[in-house]
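All remarks here apply to the structure that follows.
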Amino acid sequence: MFLPILCIFSLILSSHAAVQDFCVGDLAAPEGPAGYSCKKPAKVTVDDFVFSGLGMAGNTSNLIKAAVTPAFAPQFPGLNGLGLSMARLDLAVGGVVPMHTHPAGSEVLLVTQGAICAGFISSANSVTSKLLRRVTL
């Protein structure tokens, strides 16, 4: 009876050994396939978890009348290793976003002003699109 209890207790303790509260990206280190290595916890600051760049409109006076403001690990180190990224997209009237891909990624759109036609092409080559309008709360 003692051995099974010891095994269960060992599994419970070891399951928490690899868990981290966060892995703030060490931007001084090179980026690898899984992101940046983790900053030492003593060097982490609250600013690593705050990014205010999404509050400013981008410059849409260009050929496609669009601007993207990224909030990826280099801009927002607290996102490192979470498999998340954010971006702000500003579109002027008549603006377009060129065809692009997000391999093994997802995208969430929130329209705060006006409306856009958004869509995607599946790997089976079927097109899905929808007119998205501003969210009213």
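Numbered according to mature numbering (1 follows the signal peptide of the UniProt record, and there is no 0), the sequence shown spans residues -17 to -1, 1 to 120.
For glycine and all other residues, C-beta sits at the position ideal for the given N, C-alpha and C.
Note that the coordinates shown come from a computational prediction; the quantities given were computed from them, not determined experimentally.
Exercise for review: Please state whether DSSP places valine 51 in a helix, a strand or coil.
Suggested key: Strand at valine 51.
Point to revise | Cβ neighbour criterion (16 or more within 10 Å) applied to valine 7 | key: A buried status is given to valine 7, since no fewer than 16 other beta-carbon atoms sit within 10 Å of its beta-carbon.
Check your understanding: Going by DSSP, which residues form a beta bridge with glycine 102?
Key -> In the DSSP output, where bridge partners are listed per residue, glycine 102 has Ser112.
Exercise for review: Could you check the C-alpha separation between leucine 46 and alanine 101 for me, to the nearest Å?
Suggested key: Cα to Cα, the separation comes out at about 19 Å.
Point to revise | Sequence-distant residues of its chain with Cβ nearer than 7 Å to proline 81 (five each side left out) | key: Taking proline 81 as the centre and dropping the five residues before and after it, the same chain places the C-beta of Ile47 closer than 7 Å to its C-beta, in chain order.
Check your understanding: Buried or exposed: which applies to alanine 25, given that a residue is buried once 16 or more other Cβ atoms fall within 10 Å of its Cβ?
Key -> Classification of alanine 25: exposed, given that the 10 Å Cβ count is below 16.
Check your understanding: Under three-state DSSP, which class holds leucine 37?
Key -> Leucine 37 falls in the helix class under three-state DSSP.
Review point. Taking the beta strand (DSSP E) that arginine 71 falls in, what are its first and last residues?
Key: Looking at the DSSP string, the run of the beta strand (DSSP E) that includes arginine 71 is 69 to 74.
Review point. Should proline 24 be counted as a contact of the ligand FMN given a C-beta to heavy atom distance under 7 Å?
Key: Within the structure as shown, the ligand FMN is missing, as the structure has no ligands at all.
Point to revise | Cβ neighbours of asparagine 42 in the same chain (closer than 6 Å, five flanking residues each side left out) | key: Ala50, listed in sequence order.
Review point. Would DSSP call glycine 15 helix, strand or coil?
Key: In the structure shown, glycine 15 sits in a strand (DSSP, three-state: E or B).
Check your understanding: So, using beta-carbon positions, are isoleucine 63 and alanine 70 closer together than 8 Å?
Key -> Isoleucine is not the amino acid found at residue 63; the sequence shown has asparagine there. Result no, Cβ atoms of asparagine 63 and alanine 70 do not sit closer than 8 Å.
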